[in-house]
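Here's the structure we're looking at; comments come further down.
In the UniProt record's numbering, the protein residues as written are 1 to 533.
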């Protein structure tokens, strides 16, 4: 692992209004009306289609996109809402909702019993609009610069934070990442025709964490404007979370505090929060130790917790699942494979797919696979036990997939729920397997991170066992950009990793600076690449 000498050893809802959706999808900025009343809203009125909304006035030459959004600020007539409930609470249970729920404007991370929370949307209100309406609405926003809908996250704003004012949103127009057809890799190494890689690492800070952090920091921005006791935002991180947090906080002028495990993340990951002005603490422990400390600190100081214990981030991350469906023209893939460490992301993907099914955009969800490094595999061990035994954390050992080097994942209950409800599978990858898979993928034109190597290893094993078929449409989620992990690639291609054969290493050839020597080397190389008769 690369290191540096710098670092050693009451519910919120809108007043009910007639939904009356326009025939052309268009949602301007929400004006929020809050109430602490626990009384329920009247049932929605029948929908009466309206004529299409008139086009907005042309762009004013002295206004930016946020100014334009303010100019066209009107009140939504949809009365969508969301609030926190204990995770896995039955949405149909009025007793459960009445007994414990929280406004998203409350600073709360755990239920009364100490369990996880979940963001629950008013599905009845969302169901007033059919699947075609939502598909058309989301499709109409792709590729636009209209604030905030140019973001792949905020283009689904009604399903993320429906009540936030667009002026409070902090966005880098994240999302809308490439869905790459891995044609050569699929055919050459797996005999597959329909393999895709969702490059979530092609994002503002180089990882999928941007999807969740735009939501969390936007809500913090709102809370600070409401004079809530929030001075800064803090996280424990294995690298990518801290990069996303520091960037979005810097954009909003909000202090960020980062707890990093000393000497356990890549140099590229380390420099990002430093460059973005975060207050960085390098702590002589692993991620699980950092996580314990940040939880204790945020309970005592006015620091808002940004780890995935906070369910707001998952609302942004779930949009990657919706985006995959959108990129396939709303056709559902057979499999989606996600690397797993703290395990919030596998649940986020499940939640995104499930919302699309429940709201009629698609008629099924894909099977999910969670892929773990063998050196940090508590979910895999739990899965192999048949889910029957009580979950046991493990001591995570060093892995090149450093962002998932987590032995006591916060979102274990969420992950198990997602996998059980998607007929899911858990696989693992040794260090040699994940590095070889990364090198093979890179040799076909990709440039992936070690965590994607973990996911590809899971795919290789499932193909070999005949579980994933040759024609199954399969999506591998790439969670970070390969440029964050150049040191591991250098070590691999230099055959400089102890106990690894580095079978696909491609080191540079040393040659004298004369024409004859260069010609000899090139002739040998070209002969080795010539087509065989």
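Glycine residues also receive a C-beta, built at the ideal position from the N, C-alpha and C atoms.
The structure displayed is predicted, hence computed values, not measured ones.
Close-in-space but distant-in-sequence residues of the same chain around residue i (CB under 6 Å, 5 per side omitted)
i	result
residue 508	none
residue 382	391
residue 172	204
residue 528	none
residue 66	147
residue 229	302
Cβ neighbour criterion (16 or more within 10 Å) applied to residue i
i	result
residue 312	buried
residue 417	buried
residue 501	exposed
residue 64	exposed
residue 427	buried
residue 387	exposed
residue 400	buried
residue 515	exposed
residue 548	Past the boundaries of the shown model lies residue 548; the chain is included only from 1 to 533, so the question cannot be answered.
residue 163	buried
residue 300	exposed
residue 324	buried
residue 71	exposed
residue 333	buried
residue 389	exposed
residue 474	buried
residue 425	buried
residue 532	exposed
Rounded separation between residue i and residue j - CA only
i	j	result
residue 270	residue 258	11 Å
residue 193	residue 254	47 Å
residue 326	residue 135	8 Å
residue 27	residue 420	Reliability fails at residue 27, whose pLDDT of 41 lies under 50, so the model's placement of it is uncertain and the value that follows must be treated cautiously. Rounded to the nearest angstrom, the two C-alpha atoms are 35 Å apart.
residue 18	residue 102	Note on residue 18: pLDDT 42, under 50, position unreliable in the model; the coordinate value appears next. Taking the straight line from one Cα to the other gives about 25 Å.
residue 486	residue 277	23 Å
residue 106	residue 168	16 Å
residue 209	residue 240	7 Å
residue 219	residue 497	44 Å
residue 530	residue 180	28 Å
residue 224	residue 84	19 Å
residue 260	residue 305	15 Å
residue 243	residue 272	5 Å
residue 235	residue 178	28 Å
residue 184	residue 503	19 Å
residue 315	residue 499	41 Å
residue 360	residue 131	4 Å
residue 174	residue 469	33 Å
residue 393	residue 456	24 Å
residue 231	residue 303	6 Å
residue 213	residue 123	24 Å
residue 453	residue 246	27 Å
residue 318	residue 395	29 Å
residue 158	residue 166	11 Å
residue 279	residue 104	26 Å
residue 321	residue 376	25 Å
residue 476	residue 226	41 Å
residue 161	residue 152	14 Å
Residues near residue i in its chain [Cβ-Cβ closer than 7 Å; skip 5 each side]
i	result
residue 430	374
residue 518	511
residue 506	493
residue 252	170, 217, 221
residue 120	82, 83, 85, 91
residue 95	Model confidence at residue 95 stands at a pLDDT of 48, short of 50, so the residue's coordinates are unreliable; what they give is reported in the following sentence. Closer than 7 Å at Cβ, skipping near neighbours: no residue.
residue 402	1, 238, 239, 264, 265, 266
residue 248	170, 213, 214, 217
N-terminal and C-terminal residue of the alpha helix (DSSP H) that residue i is part of
i	result
residue 487	486 to 493
residue 249	240 to 252
residue 224	209 to 225
residue 353	344 to 358
residue 457	450 to 464
residue 181	Segment 179 to 181 is the beta strand (DSSP E) holding residue 181; no alpha helix (DSSP H) there.
residue 517	515 to 529
residue 593	Residue 593 is absent from the structure shown; the chain starts at 1 and stops at 533.
residue 416	412 to 420
Limits of the beta strand (DSSP E) - the one that residue i falls within
i	result
residue 235	232 to 236
residue 261	256 to 261
residue 372	367 to 373
Chain-order list of residues whose beta-carbon lies under 8 Å from that of residue i (same chain, five-residue window excluded)
i	result
residue 422	350, 353, 365, 366, 367, 368
residue 117	84, 85, 86, 87, 102, 108, 109, 110, 111, 311
* Segment contact flag, the segment 144 to 157 with the segment 335 to 350, C-beta cutoff 8 Å, min 3 pairs -> no
* Three or more C-beta pairs below 8 Å linking the segment 444 to 460 and the segment 179 to 197 -> yes
* To do: Assess, as a yes-or-no matter, whether the segment 178 to 194 is touched by the segment 459 to 468 under the definition of 3 or more beta carbon pairs within less than 8 Å.
  => yes
* Asked: Is it a yes or a no for the segment 292 to 303 touching the segment 430 to 442, going by three-plus beta-carbon pairs under 8 Å?
  -> no
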